[in-house]
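In this note's numbering, the protein residues as written are 5 to 504.
I have placed the structure first, in the form of structure tokens, so that the comments after it can refer back to it.
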């Protein structure tokens with residue numbers, strides 16, 4: 005594992021390489037972002053040399069060096085006063101599951117569930133739990149978002165899908181953690197049909213990460229296939245469909261099952277630091293408020309086993325495309341007419357592991373969160389062709405919506421107001437900032453055409469096929485890059501966007 009000092013040296017080399025780049029004086033208009041501009045960055049960042057950009061690897065070092073070098077060329081600078089210029093260390097704990105077994109008894113008698121319907125992993129290097137009583141908790145929460153059953157010292161069996169009895173309730177990761185905080189010794193999540201079981205088993209068996217500062221999860225966690233869960237319920241004298249239906253009530257309090265479980269797991273545990281990359285474009289007339297652009301640099305790294313034809317998940321669309329856009333936006337804002345307000349650029353780590361880099365930044369901001377007038381997140385942007393309407397994830401504040409509408413229409417873009425994109429609000433880095441009160445928007449065409457987006461999500465998303473190719477539609481991404489340049493200028497204009 006590379007040290008922070010080593011990564012600082014990499015940053016220094018990247019900066020030295022571009023120290024001779026001349027300053028470009030202000031000009032009246034921004035040059036349009038071209039598809040070729042974006043393609044050059046995506047080709048590099050999604051190349052095999054970057055090994056899929058997994059946090060804590062040599063691929064991270066190469067990614068950091070590239071981003072810092074490009075942002076330095078654009079005229080950005082390190083945040084003043086930082087102990088690690090350009091970098092924000094983010095401490096992690098990584099767990100690699102080695103083995104895991106589960107044995108059940110129903111009414112005191114052995115019940116064989118079958119290894120193909122369950123996968124378990126341990127929090128620590130070695131875990132052994134015996135005779136845990138089981139309780140089905142439905143979604144694990146009630147209508148008020150509180151844990152709905154006594155799970156202390158027990159196995160909690162929870163549904164994956166979002167609770168149907170309220171808006172903005174915790175998603176499954178948060179609910180799983182809430183059960184752990186309530187004392188559950190093990191949490192098994194019943195998989196949803198929307199996620200292929202084989203893919204889910206593979207993801208659980210891979211490396212998992214959490215912030216070193218985060219609360220520890222349950223000693224054992226894992227997943228049950230829907231079929232395995234129904235078989236266990238049937239053996240316990242319950243009907244799976246009836247349990248799921250009962251769990252839809254906001255006052256559901258769980259069902260105690262005549263089931264006990266034994267678990268044993270073995271894992272490797274590694275402590276390491278990854279990094280957010282942070283830069284600032286100083287404003288010409290700063291007023292104490294700032295605009296923040298962000299996007300995640302990480303992807304899944306080497307994701308296939310030895311012998312596979314392609315072992316690297318390169319993450320061209322997700323999210324080399326977003327970083328490419330941030331680089332080109334930085335170039336136009338940095339080398340064009342200088343905006344009034346400070347503009348910050350943030351490339352986050354470990355988004356793929358649960359928005360972890362963004363959550364760390366939100367808890368340890370280098371600029372007071374109250375000073376950020378808007379955060380604009382750019383993620384998975386190379387989906388749609390030119391002319392796609394503009395959707396906004398995080399809309400609903402009239403003043404902000406008006407700016408987006410004005411900027412988009414000025415550029416000849418139409419707006420998509422059907423609200424389909426709202427389903428993704430918790431699945432992107434802006435959610436971590438929004439939870440802290442920062443107005444966070446995700447604006448563009450990629451989340452407007454649901455057919456194109458779903459085709460990607462059900463195809464190359466999080467697979468080795470997400471490589472750079474001429475088939476990636478960069479026309480819409482280029483249009484969205486121009487849109488973000490214009491949005492940055494609008495929100496950084498102290499007269500146009502007056503902050504009270």
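In this text, a Cβ means the ideal position worked out from N, Cα and C, and glycines have one as well.
Given the structure is predicted, the values throughout are model-derived calculations rather than measurements.
Helix, strand or coil for residue i? Go by DSSP, reduced to three states.
| i | result |
| --- | --- |
| residue 465 | coil |
| residue 164 | coil |
| residue 214 | strand |
| residue 134 | strand |
| residue 507 | The chain is shown from 5 up to 504; residue 507 falls before or after that span and cannot be answered. |
| residue 353 | coil |
| residue 346 | strand |
| residue 503 | coil |
| residue 321 | helix |
| residue 498 | coil |
| residue 386 | coil |
| residue 304 | coil |
| residue 476 | coil |
| residue 171 | coil |
| residue 415 | coil |
| residue 159 | strand |
Would you grab the beta carbon distance between residue i and residue j for me? Rounded to a whole angstrom, and I think it's under 8 angstroms.
| i | j | result |
| --- | --- | --- |
| residue 377 | residue 503 | 5 angstroms |
| residue 306 | residue 55 | 6 angstroms |
| residue 117 | residue 232 | 6 angstroms |
| residue 446 | residue 432 | 6 angstroms |
| residue 301 | residue 269 | That pair is no contact at about 31 angstroms. |
| residue 351 | residue 281 | 4 angstroms |
| residue 331 | residue 295 | Wrong, their Cβ atoms sit about 16 angstroms apart, outside the cutoff. |
| residue 434 | residue 471 | So it is not a contact: roughly 26 angstroms between Cβ atoms. |
| residue 480 | residue 392 | 5 angstroms |
| residue 240 | residue 110 | 5 angstroms |
Given the structure, does residue i come close to the ligand ADP, in the sense that its CB is under 6 angstroms from one of the ligand's heavy atoms?
| i | result |
| --- | --- |
| residue 285 | Ligands displayed in this structure: none; no statement on the ligand ADP is therefore possible. |
Which residue marks the beginning of the alpha helix (DSSP H) containing residue i, and which one marks its end?
| i | result |
| --- | --- |
| residue 77 | 62-77 |
| residue 333 | 325-339 |
| residue 145 | Neither: residue 145 is in no alpha helix (DSSP H) and is coded neither H nor E. |
| residue 48 | 39-49 |
| residue 492 | 479-495 |
| residue 253 | Counting along the chain, residue 253 falls outside any alpha helix (DSSP H), and DSSP gives it neither H nor E. |
| residue 366 | 360-367 |
| residue 434 | 434-438 |
| residue 183 | 176-185 |
Which residues in the same chain as residue i place their Cβ atom closer than 6 angstroms to its Cβ, once the five residues preceding and following it in sequence are excluded?
| i | result |
| --- | --- |
| residue 36 | 486 |
| residue 499 | none |
| residue 243 | none |
| residue 165 | 196 |
Locate the beta strand (DSSP E) running through residue i, then write down its first and last residues.
| i | result |
| --- | --- |
| residue 274 | 259-285 |
| residue 226 | 224-228 |
| residue 100 | 91-110 |
| residue 113 | 113-115 |
| residue 448 | 444-448 |
| residue 379 | 376-381 |
| residue 191 | 190-194 |
| residue 298 | 294-300 |
| residue 126 | 122-126 |
| residue 396 | 395-397 |
Spatial neighbours of residue i within its chain, please: CB distance less than 7 angstroms, with the 5 preceding and 5 following residues excluded, ordered by chain position.
| i | result |
| --- | --- |
| residue 185 | 219 |
| residue 5 | Here residue 5 scores only 43 on pLDDT, less than 50, and its place in the model is too uncertain to base an answer on. |
| residue 422 | none |
| residue 133 | 189, 190, 223, 224, 266 and 267 |
| residue 251 | 142, 143 and 163 |
| residue 30 | With a pLDDT of 39 at residue 30, under the threshold of 50, the predicted position of this residue should be treated as unreliable, and no value is reported. |
| residue 260 | 139 |
| residue 155 | 139, 141, 183, 186, 187 and 188 |
| residue 201 | 195 and 229 |
| residue 181 | 219 and 221 |
So, at 8 angstroms on beta carbons, what are the nonlocal neighbours of residue i in its own chain, with the 5 sequence-adjacent residues on each side left out?
| i | result |
| --- | --- |
| residue 25 | Because the pLDDT at residue 25 is just 44, under 50, the model does not fix this residue reliably, and the value given afterwards should be weighed accordingly. Closer than 8 angstroms at the Cβ level, and outside the excluded window around residue 25, lie 76 and 77. |
| residue 136 | 157, 158, 159, 189, 190, 264, 265, 266 and 267 |
| residue 39 | 478, 479, 481 and 482 |
Next on the checklist: Check whether the segment 93-101 and the segment 353-364 touch, using three or more Cβ-Cβ pairs below 8 angstroms as the test.
Outcome noted: yes
Item to check | Sufficient close CB pairs (3 or more, under 8 angstroms) joining the segment 468-481 to the segment 379-387 | outcome: yes
Item to check | Cβ contact (3+ pairs, closer than 8 angstroms) linking the segment 73-81 and the segment 280-292 | outcome: yes
Checklist entry - Counting Cβ pairs, one atom from each stretch, are 3 or more of them under 8 angstroms apart for the segment 143-150 and the segment 158-170? => result yes
Checklist entry - Should the segment 258-271 be regarded as contacting the segment 332-347, the criterion being three or more beta carbon pairs within less than 8 angstroms? => result no
Item to check | Stretch pair the segment 246-263 + the segment 39-49: three plus CB contacts closer than 8 angstroms | outcome: no
Checklist entry - So does the segment 352-362 actually touch the segment 410-417, counting three or more Cβ pairs closer than 8 angstroms? => result no
Next on the checklist: With a threshold of 8 angstroms, are at least 3 pairs of Cβ atoms found where one atom belongs to the segment 193-208 and the other to the segment 322-338?
Outcome noted: no
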